[in-house]
Amino acid sequence: MEEREDACPHIVLEELEIPQGSTGMPRQSFGPTAPVTVPQTSDPLRRAPEMFPESILHTNRLILRPFDASDIPDTHASCADALTQRWLPLPKPYTLDDATNWCTTAAHALRDSGDGIQFAVTDAYTKRLMGQVGLKKTDWRALVSEVGYWVSPWARGHGIAAEATRALALWLLADQQFQRLELRAATEDTASQKVALKAGFHPEGTLRNAGFVHGGRVDLVLFSMLPGDLAPRAQHYKS
């Protein structure tokens, strides 16, 4: 998932909310709403409900939205790709049934379970799938989550991963008021490490034998981003 070394594009971020109870399947239109506020409980370290609002995020070039059935062919092609398979422990071989399950069921079930939220990264003009970015292993008490992503073969080399990851980080740490976002990349996956740095993450060290890919166990480089690492909100949001 090689990414070009250009600077991360300026991000203009909006949030749209889909009414709670949505199945995650396609809708005809979405209306803009105010930024989501999650109610606080009596425990200041705990929030309710422990589920992210189903949202759509916009950058200059990208739209991050829930997966739907229209994404099945491109998801299949992307996740069956040799480079994607090298660094992600996806099913191998990755079949059309795997893509169908992810786009219509699994990606939405992960949000419903509280694990995180998954976004289809699409081109703002052509609407074609460019990749995936999402949150996982969310700790709602500590307000910590982990970001992961892949980039479609036809979208590589244009800074897509860094732009999408930065947009998701802004949404999580600013709007959702989380306190820490982590990113892990295999020590030999230098492209993902460049993405992390370009998106504004800080390296913290190496987690020995902490990951696994089809080739076996791997060491992981740990990166993080905190609310204090973000530029002022006025620089990232449409006025």
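If you use this note's numbering, the sequence shown corresponds to residues 588 to 826, in order. Just so you know, even glycine gets a beta-carbon here, dropped at the ideal spot from N, CA and C. Keep in mind the model is a prediction, meaning the values are calculated, not measured.
Proximity of residue i and residue j at Cβ, strictly below 8 Å
i	j	result
residue 721	residue 747	no
residue 754	residue 644	yes
residue 772	residue 800	no
residue 681	residue 695	no
residue 749	residue 650	no
residue 692	residue 659	no
Helix, strand or coil at residue i according to DSSP, with G and I counted as helix
i	result
residue 691	helix
residue 671	helix
residue 801	coil
residue 790	strand
residue 743	coil
residue 698	helix
residue 684	helix
residue 618	Confidence in residue 618 is poor, its pLDDT being 30 and thus under 50, which makes the residue's placement unreliable; the coordinate value appears in the next sentence. Coil, per DSSP.
For residue j and residue i, believed in contact at Cβ under 8 Å, the rounded distance
i	j	result
residue 787	residue 816	6 Å
residue 770	residue 734	5 Å
residue 737	residue 675	6 Å
residue 661	residue 739	6 Å
residue 730	residue 765	5 Å
residue 813	residue 767	6 Å
First and last residue of the uninterrupted beta strand (DSSP E) at residue i
i	result
residue 705	704 to 710
residue 662	Taken as a continuous stretch (DSSP letters only), residue 662 belongs to no beta strand (DSSP E), being part of the alpha helix (DSSP H) at 659 to 666.
residue 816	That residue, residue 816, is in no beta strand (DSSP E); it is neither H nor E in DSSP.
residue 726	716 to 726
residue 735	731 to 738
residue 649	649 to 652
residue 677	First-last for residue 677: undefined, no H or E at that position.
Burial state of residue i, where buried means 16 or more other Cβ atoms lie within 10 Å
i	result
residue 639	buried
residue 752	buried
residue 700	exposed
residue 756	buried
residue 637	exposed
residue 656	exposed
residue 684	exposed
residue 744	exposed
residue 597	For residue 597, the predicted structure reports a pLDDT of 40, less than 50, and the residue's modelled location is therefore unreliable. A value from the coordinates is still provided. Label assigned to residue 597: exposed.
residue 806	exposed
residue 667	buried
residue 802	exposed
residue 783	buried
residue 785	buried
residue 725	buried
Residue range of the alpha helix (DSSP H) that includes residue i
i	result
residue 753	747 to 757
residue 773	Careful: residue 773 lies outside any alpha helix (DSSP H), inside the beta strand (DSSP E) at 767 to 773.
residue 781	777 to 786
residue 762	Careful: residue 762 lies outside any alpha helix (DSSP H) and carries neither H nor E.
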